[in-house]
Every structure is written in structure tokens, then in C-alpha cells.
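What follows is a single structure, written as C-alpha cells, with notes after it.
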Amino acid sequence: MNHPAASSAMSLPEPCLGPGPAFGHSTGPGDATDLLGSCDAPLRDVTRLILEAALQVELDHHLNGCAEDPDDRTDVNSHNGHRPKTVLTTFGPVEVLMPRDRRGSFSPAILPKYRRDLAGREPLLLSLAARGLPRTDFEARLVQFYGDSPPSAPLSHVADRVASRLHLWQRRRLASRYLVLFADTAVIPGTREVVHLAVAVAADGRRELLSLWAARATSPADIWGPIFGDLRCRGLQHVSIVVGDGTAGLPTAARTSWPHAAVHARSHLLQHAGPSR
């Protein structure tokens, strides 16, 4: 995806700060992919992370099976480095490091040798990456992602490795300052699953997906406090403008974390921001 050159300062288009629905009158969740807009670089990172974690578990399981094969004791199979493979996604091309074995007998289920795309499975990546997703739901999403080619490795082992890698991504350190923070609630396409998104715009106009949370059974007024508190704990100390989804408790939550931020109620405006980082 070609992005326009970033300017030294970012100005919001008028619709972003114009009159919108008041807090407490949210228009309901939009489409998660629409809200993320051109926030493609972080989504490519998540895609790479999930695929590489699962691939490594599958190879480890394959090698363990080779070692235990009583009919083949002549040549011990082992890891043999990686090779790059470009996978085409709706977020753009993703280069994945495919692990190899010495015999060349490893055939992964999550990304077969001759497949070059995700066959429409991208929405499941958003679901897997959402923080707070219960373990049973997480494993169910993995089963859906594998589809008709279940892993030879135990699903729980794949889930452990993928969840561990996502844990680090979900809690990564953030920049200390952003110009604008968009906070919105969205539905993952093709599902009824609702997620809460926090997407920031830096001073140079570039956009970054900071946080993605699975919706919880809680009062709307209590949604954003923990999410904003987590962003602050991860290093985000200053936000100039918070553009919210109309949820009643959002202004209080925003000003608790960033007392000097201007808070505006405007639903589903992420398409007005700049390119992703």
C-alpha cells in the first residue's frame, strides 16, 4: 500500500471535530476493518506473529515424531533454518519465515507449502489478537483459522505458543505522546464478535493500533477506564485529543488518564486519520 508522505504536523479534517453524537448516545459498533482503515502495518505484524508461532510448534511436533519413528533410525531429522515466504493478505503482503527440517518432510497445516494467501481468514486474526479473549474462545478461533487442515500438533500446544507471543505484543511499550487517540467499538466482519479499539495518530500523521480488546459483559460506563489505564501504564503519558465512540463513561475515563486532553464524541471517524505506522 502506498502511503502519502507524512507531514511535519497533522491537522484533523473538519468532520473529526465538528458536531457529533453526544456521549451516552453511541450509534452502535461499526465494522472493525473500516475503523482500522489504513492501519495495515500493525495488522501485518500480528499476522506474521501468529503464523510464525504456530509454524514453529508444528515443526517441533513433526521433529519429535521423526525421532520416535522405530522404522527410521538412520538419519536424525532436525531444524534446518528458515526460508522467507510472502503471504498475500487484505492488509498487504506479509513476509513470514517458514521453518525447515533437514529432510524436507515438514508440511505445515496452518500455511501449506503452495498456499500464498489466507483464503479470507483475516478477520480471525483480529479476534485472536484481542486482549481478554477467554481461552476456550481463543482455541475455537484457532480451530476456525486452521479450517479443513487441523494441526498435527496438539491444539493446546499451538494455542500456548501463539498466546505467549500475542501476550508480548499486547503489552508492548508505547510512545509517550500522541496527537489524537481514537477509541471505538466495532464488530469483526463475518462474526458477531465485538472488540474495543484504540488507534493513535502521531504528530507526523501516521496511525498506530495501540490496543485491541475483546468486549466484556460490563456496564458501558466501565469499558474505557481499564483500557485507557493500560495504555498509560504501557507508556502513553500525553494525548492532545481523544475522539470517542459516544460511550457515556468515556470522557471521565479519558480525563482520568490524560487530564489535559480535549475529548470529543464522534462515532467511527478513524477513516479521517493518516497512514499507519
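All residue numbers for the sequence shown refer to this note's numbering, where the first residue is 243 and numbers rise by one. A virtual CB, placed ideally from N, CA and C, is assigned to each residue, including glycine. In this text, all values refer to a predicted model and were calculated from it rather than measured experimentally.
Go through its chain and collect everything with a Cβ distance to residue i's Cβ below 8 Å, but skip five positions before and after it.
{"i": "Ala351", "result": "Glu300, Tyr388, Ser391, Pro392, Pro393, Ser394"}
{"i": "Pro326", "result": "Glu337, Val338, Leu339, Met340"}
{"i": "Trp411", "result": "Asp287, Val288, Leu291, Ala371"}
{"i": "Ser347", "result": "His304, Cys308, Asn319"}
Here's the rule: buried if 16 or more other CB atoms are within 10 angstroms of the residue's CB, otherwise exposed. What is residue i?
{"i": "Ser499", "result": "buried"}
{"i": "Gly479", "result": "For clarity, residue 479 is Gln in the given sequence; the question names Gly instead. Counting Cβ neighbours within 10 Å, Gln479 comes out exposed, since fewer than 16 surround it."}
{"i": "Leu384", "result": "buried"}
{"i": "Thr328", "result": "exposed"}
{"i": "Leu284", "result": "In the sequence on display, residue 284 carries Pro and not Leu. Per the 10 Å Cβ criterion, buried."}
{"i": "Gly477", "result": "exposed"}
{"i": "Ala459", "result": "exposed"}
{"i": "Ser369", "result": "buried"}
Considering residue i, what are the terminal residues of the beta strand (DSSP E) in which it resides?
{"i": "Ala444", "result": "Careful: Ala444 lies outside any beta strand (DSSP E) and carries neither H nor E."}
{"i": "Val318", "result": "Where Val318 is concerned, there is no enclosing beta strand (DSSP E), given that its DSSP letter is neither H nor E."}
{"i": "Leu423", "result": "419–429"}
At what residues does the alpha helix (DSSP H) containing residue i begin and finish?
{"i": "Ala375", "result": "Checking the sequence, you will find Leu at residue 375 rather than Ala. Careful: Leu375 lies outside any alpha helix (DSSP H) and carries neither H nor E."}
{"i": "Arg407", "result": "397–412"}
Using only the alpha-carbon positions, how far apart do residue i and residue j sit?
{"i": "His538", "j": "Asn322", "result": "This structure does not reach residue 538, given that the chain is present from 243 up to 519, and the question cannot be answered."}
{"i": "Gly432", "j": "Ser418", "result": "35 Å"}
{"i": "Ser349", "j": "Lys355", "result": "7 Å"}
{"i": "Trp455", "j": "Ala361", "result": "25 Å"}
{"i": "Gly467", "j": "His409", "result": "20 Å"}
{"i": "Asp402", "j": "His304", "result": "17 Å"}
{"i": "Pro396", "j": "Phe470", "result": "36 Å"}
{"i": "Val318", "j": "Cys308", "result": "8 Å"}
{"i": "Glu364", "j": "Asp379", "result": "17 Å"}
{"i": "Asp472", "j": "Glu381", "result": "25 Å"}
{"i": "Pro493", "j": "Ser482", "result": "13 Å"}
{"i": "Leu375", "j": "Leu366", "result": "12 Å"}
{"i": "Arg407", "j": "Asp302", "result": "16 Å"}
{"i": "Ser398", "j": "Thr332", "result": "28 Å"}
{"i": "Val400", "j": "Ala296", "result": "6 Å"}
{"i": "Gln386", "j": "Val437", "result": "18 Å"}
{"i": "Pro263", "j": "Arg342", "result": "Interpretation of Pro263 is limited by its pLDDT of 45, a score under 50 that renders its predicted location unreliable; no figure is taken from the coordinates."}
Within the same chain, show all residues whose beta-carbon is closer than 6 Å to that of residue i, passing over the 5 residues directly before and after it, in chain order.
{"i": "Ala442", "result": "Tyr420, Leu423, Glu450, Leu452"}
{"i": "Val484", "result": "Leu423, Ala496, Ala503, Val505"}
Less than 7 Å between C-beta atoms, sequence neighbours within five positions excluded: which residues of the same chain meet that for residue i?
{"i": "Leu330", "result": "Arg358, Asp359"}
{"i": "Glu294", "result": "Val338, Leu339"}
{"i": "Pro501", "result": "none"}
Consider the C-beta atom of residue i and the heavy atoms of the ligand PLP; say whether any pair is separated by less than 6 Å.
{"i": "Arg415", "result": "Of the ligands one can find in the structure shown there are none, so the ligand PLP has no counterpart to examine."}
At what residue ranges does the stretch 452–514 contain a whole run of the beta strand (DSSP E), taking only runs of 3 or more? 480–486, 504–507
Taking the runs of the beta strand (DSSP E) that are 3 residues or longer, which of them lie wholly in the stretch 321–372? 321–331, 334–343
Quick one: which unbroken alpha helix (DSSP H) runs of 4-plus residues sit fully inside the stretch 278–306? Chain order, please. Counting whole runs of 4 or more residues, the stretch 278–306 contains no alpha helix (DSSP H) stretch at all.
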